Each structure stands twice: as C-alpha cells, then as structure tokens.
DNA sequence: CCCAAATTCATCCTTTCGGGTGACGGATTT
DNA sequence: AAATCCGTCACCCGAAAGGATGAATTTGGG
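Protein chains in written order, with my numbering: chain A, 1 to 140; chain B, 1 to 140.
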C-alpha cells in the first residue's frame, strides 16, 4: 500500500515534469490551465479506475473460490474437527470407504462420524448434508 | 454510460470553474500549475476509484446468485430434460423415492434416469454427480 | 490429576443406491 | 416403414449408506 502511494506520487511528479518538458520544448507557452487540468483529470481518472480494479480484484475472487468457513456455526452445532473433515470429503463426492482410506481410519469410524454429523446438521442423507452445509457456509 | 461521461465532463468543468473562482476571489494568483495538477489528480483519482468500483460491483454480485445453466454442456453430454430435472432434485438432497413422488413417476423410472445421468456425467455416485454438475455449471 | 469430550472401532439390521437387463409406447428422423 | 431416442416401468442383485448401540482409547482443559 505504501508502495502504491509512492508510485502514485512518483507518476504524478513524472507527469508534471513531462508536461513542463513539452511546454518548454515545443514553445507552446499558451497552453491554458484548463488543458492541463483536463489531461491530468483524464489520466488520473484512468489511473483511479485501474487502482480501484486492482484493489477489488482480490475481493472478487475471494467471494467464491477462496472460502473461509463460518466457525461460529461450526461451534454452535458442536461439529468437531473430524466431523468437519468427513463433511468436506463427503461434499467432494467420496464414499465412506474412500474417506476411511484417506483419513487412515476404519469405515465404521467414518460411519460413526457421518451419523453424528447428520444428527447435528439435522439431515438424514449425505446429499442433504451437502446442501445444508453449503447453506451454512461450512463447505465451499 | 453516456450519462456517466456527461457527468464526468460536467464535474471536470465545475472543478475548473471552482478553481478559477477561488483564484480570482482570493487574489492568490501565484498558485502554481503544479498545485492545480496535484489537486485535480488526487480528486480525479478518487473519482476513478469510485467509477471503477461502480462498474465492477454488478459483476461481483453476478458471479454466484444469478445462475444460468450451460446448455452447451447439456447438449454436448446428451442430457435430456428429464435427466436434468432428476439431477436438480438430486442436488437438492432428495432421495429417489422423493424424486419419484415429486415427478409423479415410479421410483424405477427415477433410477433409470439417474443411472443414465451418471453414465453421461461419468460418475458413479450421486454426490459425485453433484460435484461434477456444479463444476460444469449444470446446477447452481 | 481427573473428567468430559473426542476419536476410534465393532456388530446388527434396515434402507437406499447403483448396475444390469429387458420391455413397451410415443415421437422424431431417416 | 425402419431406426433412433426419450420416457416409462419392472425385476434382480450386490454395494453403499444409514440407524442404534456399546465400548475402548485418546485428548484437552479445569
């Protein structure tokens, strides 16, 4: 941010110098202040647009792909870390056996976690869990 | 957009007039061009930022909520209307029986549709179908 | 240290899901 | 008319998922 401000001032100074340079170089001394202001206004409006896009670009891509879960909902429903992991893998379309292999636990353990998870989410099927978890911002 | 350009030019003219006014009103005739340019640059940079945000705000909200399915993918995979309906209900967490009740058909019909759908989506489970359909923009 | 919560695993049973196959009527295309 | 696609329905079978319950182990916090 400090860098941006510095570059901003630098470009401003450069523009002024450039205008001065052309003013004396081409002996066009009758350039009115209005012309100066117009040029500067247009250029810096464009710069402002660019800066604005630059600053908000992160926010745009943060909306969907970069996702942070709502931990308040997580604690309110009493969902543990392991259950959250299972939920995440369920939402990725994995079967209980695949989840068990990925977490290095028994399939029975996964079934226990998913059962507890469904109770806490108040659903009875994993597809419903996906739907509800998405609404609660527990998964992307 | 034309309105925006008009207002832009108008504000530019107003600013110039304002500066001129203060210049003669306060008898501060030695205001350098650099000061003018700096003020104008700062103000119009802010204006540019505002415009940039204004123009991109619509795109931001358009990313997720407003959804239109990709019919090209739909036809490329040869997914029929009925299969698409089943897909939509599957993504909402409904069981085959519930889908059958909602579509007024037999559960066997739903199973046939879902099986064909899974083949066309190249998946083997409904949770995978949800995952993939979302990636293909077939469901919100 | 101790207790509560979390994690782990198991068994039994029922329901749901998925794959495969076959069939029939209707609409469209060839 | 024949072929093709869609939608419908049925049956069978195995796999996966879900519910209920019990229990052992580990872990984190008071």
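Don't be surprised by glycine CBs; every beta carbon is placed ideally from N, CA and C. Computed from a predicted structure; not experimentally measured.
Measuring C-alpha to C-alpha distances from residue 125(B) to each of 116(A), 88(A), 92(A) identifies 92(A) as the nearest. Against chain B, the beta carbon of residue 92(A) has neighbours under 9 angstroms at 127, 128, 131, listed in chain order. Non-local beta-carbon contacts of residue 114(A) in its own chain, meaning distances under 6 angstroms to residues more than five positions away in sequence, involve 86 in chain order. Close to chain A, meaning a Cβ-Cβ distance shorter than 8 angstroms, are the following residues of the stretch 94–128 of chain B: 94, 95, 123, 125, 126, 127, 128.
If you draw a straight line from the Cα of residue 108(B) to the Cα of residue 101(B), it comes to about 12 angstroms. In the DSSP annotation of this structure, the continuous segment of the alpha helix (DSSP H) that includes residue 76(B) starts and ends at 71–76. With 16 or more other Cβ atoms from the protein chains shown falling within 10 Å of its own Cβ, residue 44(A) counts as buried. Counting along the chain, residue 107(A) sits inside the alpha helix (DSSP H) bounded by residues 107–121. Ranked by Cα distance from residue 116(B), the first of 96(B), 94(B), 83(B) is 83(B). One alpha carbon belongs to residue 70(B), the other to residue 131(B), and they sit about 15 angstroms apart. DSSP places residue 48(B) within a helical segment (H, G or I) once states are collapsed to three. When 94(A), 121(A), 140(A), 137(A) are compared, the shortest CA-CA separation from residue 123(B) is found for 94(A). When only Cα atoms are considered, residue 139(B) and residue 39(A) end up about 48 angstroms apart.
One thing to note: residue 73(B) has its Cβ within 8 angstroms of the Cβ of residue 136(B). A direct Cα-Cα distance of roughly 42 angstroms separates residue 105(B) from residue 104(A). Contacts between residue 47(A) and chain B, judged by CB atoms closer than 7 angstroms, involve 45, 48 in chain order.
In the three-state DSSP reduction, residue 128(A) falls in the helix class (H, G or I). Around the beta carbon of residue 41(B), a 10 Å sphere encloses 16 or more other beta carbons of the protein chains shown; the residue is thus reported as buried. Distance between residue 78(A) and residue 90(A), taken at the CA atoms: about 18 angstroms. Counting along the chain, residue 89(B) sits inside the alpha helix (DSSP H) bounded by residues 81–91. Following the DSSP letters along the chain, one finds residue 99(A) inside the alpha helix (DSSP H) bounded by residues 96–103. Scanning its chain for C-beta atoms nearer than 8 angstroms, with the 5 sequence neighbours on each side dropped, one finds around residue 98(A) the residues 89, in chain order. Between residue 127(B) and residue 127(A), the C-beta gap is smaller than 8 angstroms, which places the two residues in contact. Only buried fits residue 129(A), as 16 or more other CB atoms lie within 10 angstroms of its CB.
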